[in-house]
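**Student:** Residue numbers (this note's numbering): 152 to 476. Sending over a structure as C-alpha cells; questions will come in a sec.
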C-alpha cells in the first residue's frame, strides 16, 4: 500500500498592512512555501478581466472580506514540527512588540493528507501572465498562449507558482538577462519554474538545486511536463553550504555558469555569494529579499565583485540583477 504524505496546514490571521511582517516571520522560521490570502488581492482577482469567471471558485467570493490569511503547508516530521514551533514563538513575540495593527495573529494548525493538499491548491491557482513572454498555469486548466511561452506547474509542496512576488520578479528578470545559449544555475529551484522558463527561452544547460529532496523531485516532474527535461537539464538536492563534494560539484572554483538565478531568503543569498562569485562569469538574479534586507544584499554583492545592474521592487519584495565580469 502506498503511504500518503501528511501535511500540517498552518494559518496565521493578520491584516493587509502587517502581511509583509508576518511573511518575514515565516521566512525566519525556514518556511519559504506559503500563500497569502489578502482580501484586497481577492477583490483585484474578481475584477480581473483576464481571468475567466468560470476559473474562480465560488468559495473565493467570501474571501474578499475579513482578515488576511497566510498559509503554509509543512510536511509532518521533526523538521516540520521545529519550523512550526519557531513560527508560533515569533508570532507570540510580534503580538507583544508590534506598534501597528497586526490583527488577531490567531494561529490555526490542522492536518491534511496529500489529496487534501492538492485540492486546496486548486482552489486559487489559476493562469498568471508574467512579464512579456510567460504564462504560468496549472496543468488542469487550459489557456490560449497568444504568443507567450506556457509554463505548466503543479506545485504540490514546492515553492514557485508565479503567484508570489519573488518568483514573478525573478521570472521577469529571466526574460531580460539573456539566457539564450547560456549555462544556468537555478539555486533554490523549488518547483523548477525558473529553470523551465530559462530553458524555454533557449538556455544551453540548466543546473537546478534545492535543499529539499521533495522539491527536487517535483522540479523534475514539472520539467518533464514542460518537455524540457533532458541531458542538459540536471536537478540535484543538497546543501552547498555544507561544503564537501556536493558544493564542489555545484559551485566549483572555476567559471562554469553565465547566469545564476537565486530565489532564497536574503541571509542565505549573502552566505552563498562568495562561492557563487567563483563559479559565475556573467549575471546573477537575486530574489526572495524583503525590502529591509535590500541594503545587506547590495553590500554583499559589491564586496564580492558584482556591479549592480537593476533593482526591481514589488510589494516590499526586491529582485536585484548584478554582473561580475
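Yeah, the Cβ is synthetic: ideal placement off N, Cα and C, and Gly gets one too. Quick caveat, the model's predicted, so the values are computed rather than measured.
Per DSSP, what kind of secondary structure is residue 180 in: helix, strand or coil?
**Tutor:** coil
**Student:** Going straight from the alpha carbon of residue 395 to that of residue 386, what length do you get?
**Tutor:** 18 Å
**Student:** Is residue 347 helix, strand or coil by DSSP?
**Tutor:** Helix, per DSSP.
**Student:** Kindly list the residues whose CB is nearer than 7 Å to the CB of residue 206, restricted to its own chain and excluding five residues on each side of it in sequence; keep chain order.
**Tutor:** Because residue 206 sits at a pLDDT of 42, beneath the cut-off of 50, its placement in the model cannot be relied upon, and the point is left open.
**Student:** Which ranges would you report for the beta strand (DSSP E) in the segment 406-468 if only whole runs of at least 3 residues count?
**Tutor:** 408-414, 431-441 and 458-465
**Student:** Under the DSSP definition of a beta bridge, which residues are partnered with residue 336?
**Tutor:** Answer by DSSP bridge pairing, in chain order: 358 and 411.
**Student:** Could you pull the DSSP bridge partners for residue 470 from this structure?
**Tutor:** 463
**Student:** Helix or strand or just coil, what does DSSP make of residue 293?
**Tutor:** coil
**Student:** Please confirm if residue 253 has its CB atom under 9 Å from at least one CB of chain B.
**Tutor:** The structure shown contains no chain B, having only a single protein chain.
**Student:** Excluding five sequence neighbours on each side, which residues of the same chain lie with their C-beta closer than 8 Å to the C-beta of residue 448?
**Tutor:** Within the same chain, residue 448 has close Cβ partners 417, 420, 421, 437, 440, 469 and 471.
**Student:** With distances taken Cα to Cα, identify the nearest neighbour of residue 190 among 167, 435 and 175.
**Tutor:** With distances taken between Cα atoms, residue 190 lies closest to 167.
**Student:** Can you tell me where the beta strand (DSSP E) holding residue 303 begins and where it ends?
**Tutor:** 300-303
**Student:** Pick out the complete beta strand (DSSP E) segments inside the segment 361-392, 3 residues or longer, and give them in chain order.
**Tutor:** 384-388
**Student:** Determine the closest residue to residue 283 out of 319, 393 and 242, with distance taken between C-alpha atoms.
**Tutor:** 319
**Student:** Are residue 240 and residue 256 close, meaning C-beta to C-beta below 9 Å?
**Tutor:** no
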